[in-house]
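**Student:** Dropping the structure in here first, questions after.
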């Protein structure tokens, strides 16, 4: 790499969603981006071992594997099926050498209004999965999701909640994800980042843009396009001892329509200016 | 009224948004709904004294006046203009006999990413407005907004934050709004409702529906159409000592297209079943 400031940058492959996995790996390497965040579906398409070999050959790190989770279902057979799938995800993370498997825990089960029960299911799933993850040397990373996803994607809504669940386990076995998009609004975000300390397993960045687009799953902006103070959050995770990758993960239909190499250049530029605070 | 279970029901006039204020007042009275939540703009259109007289003549209570606030602007002249407007809103709440003036505090000032500063402006505004409200016998009600509105509508994102700001003042001068739509996801909601206790100035209900519609401001459902456990939240505010109106406030384009008397009947029915837990 030519530029030391790029050392901790990772691009999640979803940011360049039109690329196949091999294209995304080549694109990151060509752009001098040293790490990539992977998703299970494209890994399956490319093949697990092929993916691991591609990433190694390109000289990249895997910053995270997305995602396990979806363990809030009430019904037992479905819940155990989900546990089995999470075990496979743990195996995949081990094979890829990913430092963590990101867990998006799931929303309310269909027809249920019982948040407390759904959240309890997450604790049950962790208890089931943690020993398996320990055997495989994989760290589980609980991702608190923005409260607007509480009903349908993730009943973990705050960093405080995620840290509390994680604290039942050693920090190197169960950590938390600090994703700026999900936690920026939280009046306790600084306190909880400090409290998370060595449990911070992943730092993901994307911006909160307004107005939210029609599909709120695609409502994320490149750093600098929205309302989030990345420098402050970056300083907070650094102060908490996090020294891992800074993963830019942007779900945005407009970004997805652009030429991927242009997007990668812009991601690097925004990382330098909006996240690191370098001159524009 | 024929039915005692209707005693605490209020309908916010926004729920029947196609009605003029006089139509909304007549509609509630005809439906046996004993209270109405008012908004300043239609009150201005009808005239303040005319509105007060209409509501009295119909035998209704005013459950709340929406809304003051929008005090997060950084620039001094604009901030003082906002304070002046809030003083007028306080005068109006007094004239209408509203038990509280709901404060939606405002989002980040244009171009700012400094949430802490914006939140500090809210504390400044309260310090400025509380003595005036005390003179007029009006209670200010801080409304925490769902975190998805943090950037553009309300930097108060949790009940905990609202209670902490309110605690600088006597409970009968500065209270908080518990709006199910805004707070249902909060893992601390029960704790914070209990902590709010005598500060609960208003209890508003609408449901969280999925998927969120394109305009997230119109994303609220009638109780029972979404994911919120109203009985649990109603029990919590009751246990905290709240004995005021239960105000159904639904912003929803589909509901707005329906015939208002039909909507009022359905609101009453949903209040009975989804909120009070009566048989369907």
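Chains as they are written, first to last, in the UniProt record's numbering: chain A, 1 to 280; chain B, 1 to 280.
Just so it is clear, CB atoms sit at the ideal spot from N, CA and C, and this is done for glycine as well.
Predicted model, so just to flag it, every value in this text is computed and none were measured.
Are the stretch 21-36 of chain B and the stretch 215-234 of chain B touching by the rule of at least three beta carbon pairs closer than 8 Å?
**Tutor:** With the cut-off at 8 Å, the stretch 21-36 of chain B and the stretch 215-234 of chain B do not touch.
**Student:** Residues of chain B with a CB under 7 Å from the CB of residue 228 (chain A): which are they?
**Tutor:** Here residue 228 (chain A) refers to the residue found at position 228 of the first chain. Correct list: 113.
**Student:** Quick one: Cα of residue 1 (chain A) to Cα of residue 38 (chain A), how far?
**Tutor:** Position 1 of the first chain, counting from 1, holds the residue named residue 1 (chain A). Position 38 of the first chain, counting from 1, holds the residue named residue 38 (chain A). At residue 1 (chain A) the pLDDT is 41, less than 50, meaning the model places this residue with poor confidence and gives no usable figure here.
**Student:** Taking C-beta pairs closer than 7 Å, name the residues in chain B that residue 151 (chain A) reaches, listed in chain order.
**Tutor:** Numbered from its first residue, the first chain carries residue 151 (chain A) at position 151. By Cβ distance, chain B contributes 208, 210 and 227.
**Student:** Go ahead and pull the three-state DSSP assignment for residue 196 (chain B).
**Tutor:** Working through the second chain from its first residue, we reach residue 196 (chain B) at position 196. Three-state DSSP puts residue 196 (chain B) in a helix.
**Student:** Helix, strand or coil for residue 36 (chain B), going by three-state DSSP, please let me know.
**Tutor:** Counted from its first residue, the second chain places residue 36 (chain B) at position 36. Looking at residue 36 (chain B) - three-state DSSP - the assignment turns out to be strand.
**Student:** With DSSP collapsed to three states, give me the class of residue 79 (chain B).
**Tutor:** Residue mapping note: residue 79 (chain B) aligns to position 79 of the second chain, counting from 1. Correct three-state label for residue 79 (chain B): helix.
**Student:** Decide yes or no for the touch test of the stretch 162-180 of chain A against the stretch 195-208 of chain A: beta carbon pairs closer than 8 Å, at least 3 of them.
**Tutor:** Contact between the stretch 162-180 of chain A and the stretch 195-208 of chain A is present, because at least three Cβ pairs lie under 8 Å.
**Student:** Within its chain, find whatever has a CB closer than 8 Å to the CB of residue 58 (chain A); leave out the 5 residues flanking it on each side and keep chain order.
**Tutor:** As a working note, residue 58 (chain A) is residue 58 in the first chain. For residue 58 (chain A), where only same-chain residues beyond five positions count, the Cβ hits under 8 Å are 25, 26, 28 and 29.
**Student:** For residue 64 (chain A), count neighbouring Cβ atoms within 10 angstroms of its own Cβ and tell me buried if that reaches 16, exposed if not.
**Tutor:** Here the question's residue 64 (chain A) lines up with position 64 in the first chain. Answer is buried; the Cβ neighbour count reaches 16.
**Student:** For residue 267 (chain B), which residues from the same chain have a beta carbon less than 7 Å from its beta carbon, with the 5 sequence-adjacent residues on both sides left out?
**Tutor:** Here residue 267 (chain B) refers to the residue found at position 267 of the second chain. Closer than 7 Å at Cβ, skipping near neighbours: 11, 15, 222 and 248.
**Student:** Is the number of C-beta pairs between the stretch 153-171 of chain B and the stretch 223-238 of chain B that are closer than 8 Å three or more?
**Tutor:** The stretch 153-171 of chain B vs the stretch 223-238 of chain B: no contact.
**Student:** Counting only runs that start and end within the stretch 46-93 of chain B, where is the beta strand (DSSP E) found for 3 or more residues in a row?
**Tutor:** You should have 61-69.
**Student:** Residue 68 (chain A) to residue 158 (chain A), Cα distance in whole Å?
**Tutor:** Sequence index remark: in the first chain, residue 68 (chain A) carries index 68 (1-based). Sequence index remark: in the first chain, residue 158 (chain A) carries index 158 (1-based). Whole-angstrom Cα-Cα distance: 18 Å.
**Student:** With a Cβ-Cβ cutoff of 8 Å, do residue 61 (chain A) and residue 34 (chain A) count as a contact?
**Tutor:** Position 61 of the first chain, counted from the start, is the residue given in the question as residue 61 (chain A). Position 34 of the first chain, counted from the start, is the residue given in the question as residue 34 (chain A). In this structure, residue 34 (chain A) lies closer than 8 Å to residue 61 (chain A) by Cβ.
**Student:** Please compile the residues from chain B whose C-beta is within a distance smaller than 9 Å of the C-beta of residue 281 (chain A).
**Tutor:** Nothing can be reported for residue 281 (chain A), as the shown portion of chain A is limited to 1 through 280.
**Student:** Do you know offhand how far residue 141 (chain B)'s Cα is from residue 138 (chain A)'s?
**Tutor:** Taking the first residue of the second chain as 1, we reach residue 141 (chain B) at position 141. Taking the first residue of the first chain as 1, we reach residue 138 (chain A) at position 138. Cα to Cα, the separation comes out at about 48 Å.
**Student:** My guess is that residue 80 (chain B) and residue 71 (chain B) are in contact by the Cβ rule of under 8 Å, so how many angstroms apart are they, rounded?
**Tutor:** Counting from 1 along the second chain, the entry for residue 80 (chain B) is found at position 80. Counting from 1 along the second chain, the entry for residue 71 (chain B) is found at position 71. That belief does not hold up - the Cβ atoms of residue 80 (chain B) and residue 71 (chain B) are roughly 10 Å apart, past 8 Å.
**Student:** One question on the structure: do residue 107 (chain B) and residue 136 (chain B) come within less than 8 Å of each other, judged by their Cβ atoms?
**Tutor:** For the purposes of this step, residue 107 (chain B) is taken as residue 107 along the second chain, with counting starting at 1. For the purposes of this step, residue 136 (chain B) is taken as residue 136 along the second chain, with counting starting at 1. The answer is no: Cβ separation not under 8 Å.
**Student:** Report the residues of the stretch 146-172 of chain B with a CB closer than 7 Å to any CB of chain A, ordered along the chain.
**Tutor:** Residues 146, 147, 148, 150, 151, 152, 157, 158 and 161.
**Student:** Between A:273, A:49 and A:246, which has its C-alpha nearest residue 9 (chain A)'s C-alpha?
**Tutor:** Taking the first residue of the first chain as position 1, residue 9 (chain A) is located at position 9. Nearest option by C-alpha distance: A:246.
**Student:** In its own chain, which residues sit with a C-beta less than 6 Å from the C-beta of residue 129 (chain A), not counting the 5 before and 5 after it?
**Tutor:** What you label residue 129 (chain A) is simply residue 129 of the first chain in a count that begins at 1. The residues are 86.
**Student:** List, in chain order, every chain A residue whose beta-carbon is nearer than 7 Å to that of residue 185 (chain B).
**Tutor:** Position 185 of the second chain, counted from the first residue, corresponds to residue 185 (chain B). What residue 185 (chain B) touches in chain A: 147, 150 and 157.
**Student:** Residues bridged to residue 176 (chain B) by DSSP?
**Tutor:** The residue given as residue 176 (chain B) occupies position 176 in the second chain. According to DSSP, residue 176 (chain B) bridges with B:142 and B:200.
**Student:** Taking only the alpha-carbon atoms, compute the straight-line gap between residue 225 (chain B) and residue 250 (chain B) and give it to the nearest angstrom.
**Tutor:** Position 225 of the second chain, counted from the start, is the residue given in the question as residue 225 (chain B). Position 250 of the second chain, counted from the start, is the residue given in the question as residue 250 (chain B). Distance between the alpha carbons of residue 225 (chain B) and residue 250 (chain B): 11 Å.
**Student:** Tell me which residue opens and which closes the beta strand (DSSP E) that residue 212 (chain A) is part of.
**Tutor:** Locating residue 212 (chain A) in the first chain gives position 212, counting from the first residue. Run containing residue 212 (chain A): none; DSSP gives neither H nor E here.
**Student:** Can you name the residues that DSSP bridges to residue 12 (chain A)?
**Tutor:** Counting from 1 along the first chain, the entry for residue 12 (chain A) is found at position 12. Its beta-bridge partners are A:37.
**Student:** Can you grab the Cα-Cα spacing for the pair residue 121 (chain A) / residue 188 (chain B), in whole Å?
**Tutor:** Numbered from 1 along the first chain, position 121 holds the residue referred to as residue 121 (chain A). Numbered from 1 along the second chain, position 188 holds the residue referred to as residue 188 (chain B). Distance between the alpha carbons of residue 121 (chain A) and residue 188 (chain B) is about 18 Å.
**Student:** Within the same chain, show all residues whose beta-carbon is closer than 6 Å to that of residue 233 (chain A), passing over the 5 residues directly before and after it, in chain order.
**Tutor:** Position 233 of the first chain, counted from the start, is the residue given in the question as residue 233 (chain A). So the qualifying residues of the chain are 180.
**Student:** Whose C-beta lies closer than 6 Å to the C-beta of residue 125 (chain B) among residues of the same chain, with five residues either side of it excluded?
**Tutor:** Sequence index remark: in the second chain, residue 125 (chain B) carries index 125 (1-based). Taken in chain order, the residues that qualify are 71.
**Student:** Looking only at its own chain, which residues have a Cβ that is under 7 Å from the Cβ of residue 94 (chain A), when we skip the five neighbours before and after it?
**Tutor:** Position 94 of the first chain, counting from 1, holds the residue named residue 94 (chain A). Contacts found: 136, 137 and 138.
**Student:** Give me the Cα-Cα distance between residue 148 (chain A) and residue 54 (chain B), rounded to the nearest whole angstrom.
**Tutor:** Taking the first residue of the first chain as position 1, residue 148 (chain A) is located at position 148. Taking the first residue of the second chain as position 1, residue 54 (chain B) is located at position 54. Roughly 39 Å between the two C-alpha positions.
**Student:** Return no unless some Cβ of chain A is closer than 8 Å to the Cβ of residue 108 (chain B).
**Tutor:** The sequence position of residue 108 (chain B) within the second chain is 108, counting from 1. It does; some Cβ of chain A falls within 8 Å.
**Student:** Tell me residue 122 (chain B)'s beta-bridge partners as DSSP assigns them.
**Tutor:** Locating residue 122 (chain B) in the second chain gives position 122, counting from the first residue. Its beta-bridge partners do not exist; DSSP assigns none.
**Student:** Looking at the strands, I want to know which residues DSSP matches up with residue 247 (chain A).
**Tutor:** Locating residue 247 (chain A) in the first chain gives position 247, counting from the first residue. Partner(s): A:10 and A:204.
**Student:** So with Cβ pairs under 8 Å, would you call residue 243 (chain B) a contact of chain A?
**Tutor:** Position 243 of the second chain, counting from 1, holds the residue named residue 243 (chain B). For residue 243 (chain B), the answer is no, since every Cβ of chain A falls outside 8 Å of its Cβ.
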